[in-house]
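First the structure, in the form of structure tokens, and then the observations on it.
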Amino acid sequence: MHSSWLNRLFFSLTLVASSVLAPLVPAHAATTYTVQAGGSDETGGIEVTAFMPDVVQIQPGDTVTWNIVGFHNVQFLAGQPRPALVIPDPDNPSQLILNPEIAFPVGGNVFDGSSMVNSGIPMEEGSGPPQPVPYSLTFPKAGTYAYICAVHPEMAGVVLVRDEQPPMTPDQVASAIPGLQKDYVGSVQAKEAAMSNIPTTTIMAGVKGTKAESLHFTPNRVTINVGDTLTWTVDTQDPHTVTFLSGGPPVEFFLPEPQASGPPKLVLNPMAIRPAGGSTYNGTGYTNSGFLSAYPTAPGAPPPNTYSLTFTRPGTYSYYCIIHGPIMSGTVVVTGTAGAAAAPAAPSAQMPAAQMPTGK
Ligand SMILES: [Cu+2]
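Each residue of the sequence shown is one higher than the last, beginning at 1 in the numbering used here.
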């Protein structure tokens, strides 16, 4: 009796309140739109470097959920400069670390344009295609909000927050994603197919298509003669290494250093990023290109985007990229007679210091 009377009072107050407030409140229920950040083929060997779709229009109060697929972040800079992906460790400038401002979350789950927010990078280990990791932001105010993936220089998006009805419903936005991903992955597959069966001494470390790139060496297997030199070239947004372990153990790219508080420091393993083993290879010893990138890693220096190695002994040699792991592997078959080639150059030659990444 008592409670039903209260209920009725509450109900009528609600009616009054809603009729008074109605003209002030946007005429829609808060809605969530899903955008995919990055993507993959079914093997994990081709990564999409796009937000799909890269422009989404919503209304004030709506939420965007990004499903982050792979090594990407979602970062709204809010007027701050773009952060460098790799920086000198403030506590020990002789080592390089993954910038914690990119690697780990910053800010909450509401973005009004006033200060930077960042999803952080999902750090999932494992083989096979990456699994989606969601990140959500609610946008209370109308505006035009640009954002980036701080890992991939060409990966950017915009959230348009407008009072009027958006042109696409959340379902329409979601249903556009598979087609975009297929097109971007397909652009890489077509390029790889065209490059695969051509005899060559030049190998692409990653093949760059339209808003996607491979984690493959292409051609993946080459046959050369003793004394020949192979050259690897990088033009992708991702950096790579060309690394011959010669039967040694795999090398970690990150050496996490636990901190007194907060997330670990992600130190770049010097063994991964520095060249080793010289300019010739006889099938033994740790031989590494060091950090290869299409982008300069030191002010005024050219990008460290090529690596050459001369093969001095017949055999079948496998190599891989330390940054991307076993999915990015290749094979060199060297034919001929040992000793038939000219004497190899001194194996102690070092790559120039300008090729070391500094995060600048
Ligand atoms: Cu990215």
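Yeah, the Cβ is synthetic: ideal placement off N, Cα and C, and Gly gets one too.
Cβ atoms of residue j and residue i: under 8 angstroms apart, would you say?
i, j, result
"Tyr-33", "Val-56", "yes"
"Val-242", "Met-271", "no"
"Asn-75", "Ile-148", "Here residue 75 is Gln; the residue named in the question, Asn, does not match the sequence. Contact flag set, yes."
"Gly-227", "Thr-312", "yes"
"Gln-80", "His-152", "no"
"Ala-294", "Pro-302", "no"
"Pro-132", "Asn-92", "no"
"Pro-239", "Ile-323", "yes"
"Val-188", "Ala-212", "yes"
"Thr-200", "Val-207", "no"
"Thr-65", "Pro-134", "yes"
"Met-429", "Ala-78", "For residue 429 there is no data in the structure shown, the boundaries of the chain being 1 and 360."
"Asn-73", "Ala-150", "yes"
"Tyr-320", "Trp-232", "no"
Give the straight-line distance between the Cα atoms of residue i and residue j, rounded to the nearest whole angstrom.
i, j, result
"Ser-318", "Met-155", "32 angstroms"
"Ile-203", "Ser-261", "44 angstroms"
"Glu-101", "Leu-137", "18 angstroms"
"Pro-122", "Gly-44", "15 angstroms"
"Ser-119", "Leu-266", "17 angstroms"
"Arg-82", "Asn-109", "20 angstroms"
"Pro-249", "Ala-298", "30 angstroms"
"Pro-167", "Ile-97", "42 angstroms"
"Pro-23", "Glu-164", "Summary for Pro-23: the model assigns pLDDT 48, below 50, so the residue's position carries little reliability; its value from the coordinates is reported in the next sentence. Whole-angstrom Cα-Cα distance: 14 angstroms."
"Phe-51", "Leu-180", "10 angstroms"
"Tyr-222", "Val-333", "Residue 222 is actually Val in this sequence, not Tyr. For Val-222 and Val-333, the distance between alpha carbons rounds to 6 angstroms."
"Leu-245", "Asn-220", "17 angstroms"
"Thr-337", "Ile-224", "12 angstroms"
"Ile-327", "Pro-60", "43 angstroms"
"Pro-275", "Ser-289", "5 angstroms"
"Pro-105", "Ile-87", "17 angstroms"
"Gly-38", "Thr-49", "5 angstroms"
"Thr-284", "Val-173", "53 angstroms"
"His-216", "Phe-254", "21 angstroms"
"Leu-21", "Pro-256", "The predicted position of Leu-21 is uncertain, since its pLDDT is 48 and thus under 50; a value taken from the coordinates is nonetheless stated next. Each residue's alpha carbon lies about 53 angstroms from the other."
"Ile-58", "Pro-296", "38 angstroms"
"Gly-300", "Asp-89", "21 angstroms"
"Ala-193", "Asp-54", "28 angstroms"
"Thr-287", "Gly-277", "4 angstroms"
"Gln-259", "Ala-103", "15 angstroms"
Are there 16 or more other CB atoms within 10 angstroms of the CB of residue i, so buried, or fewer, so exposed?
i, result
"Lys-182", "exposed"
"Glu-47", "buried"
"Asn-282", "buried"
"Ala-29", "exposed"
"Asp-171", "exposed"
"Ala-190", "exposed"
"Ser-348", "In this prediction, Ser-348 scores a pLDDT of 39, lower than 50, which makes its location untrustworthy; no coordinate-derived value is stated."
"Thr-169", "exposed"
"Val-127", "The sequence given here has Ser at residue 127, not Val. Exposed: under 16 other Cβ atoms inside 10 Å."
Rounded C-beta distance between residue i and residue j? I'm assuming under 8 angstroms.
i, j, result
"Phe-71", "Phe-111", "Their Cβ separation, rounded to whole angstroms, is 22 angstroms, which puts Phe-71 and Phe-111 out of contact at 8 angstroms."
"Val-234", "Asp-41", "Contact flag wrong, Cβ pair sits at about 20 angstroms."
"Ala-143", "Gly-113", "With the sequence shown as reference, residue 143 is identified as Gly, and Ala is not the correct amino acid for it. Confirmed, Cβ separation roughly 5 angstroms."
"Leu-160", "Leu-230", "Wrong, their Cβ atoms sit about 48 angstroms apart, outside the cutoff."
Does any CB atom of chain D fall closer than 8 angstroms to the CB of residue i?
i, result
"Ile-148", "No chain D appears in the structure shown, which is made up of a single protein chain."
ask   = Hey, which unbroken runs of the alpha helix (DSSP H) at 4 residues or more fall wholly within the segment 179 to 217?
value = none
Start-end ranges of the beta strand (DSSP E) lying completely within the segment 203 to 290, minimum 3 residues = 212 to 214, 221 to 225, 229 to 233, 254 to 257 and 265 to 268
query = Mind pulling the beta strand (DSSP E) runs of 3 or more residues that sit fully within the segment 132 to 180?
reply = 133 to 138, 143 to 148 and 156 to 161
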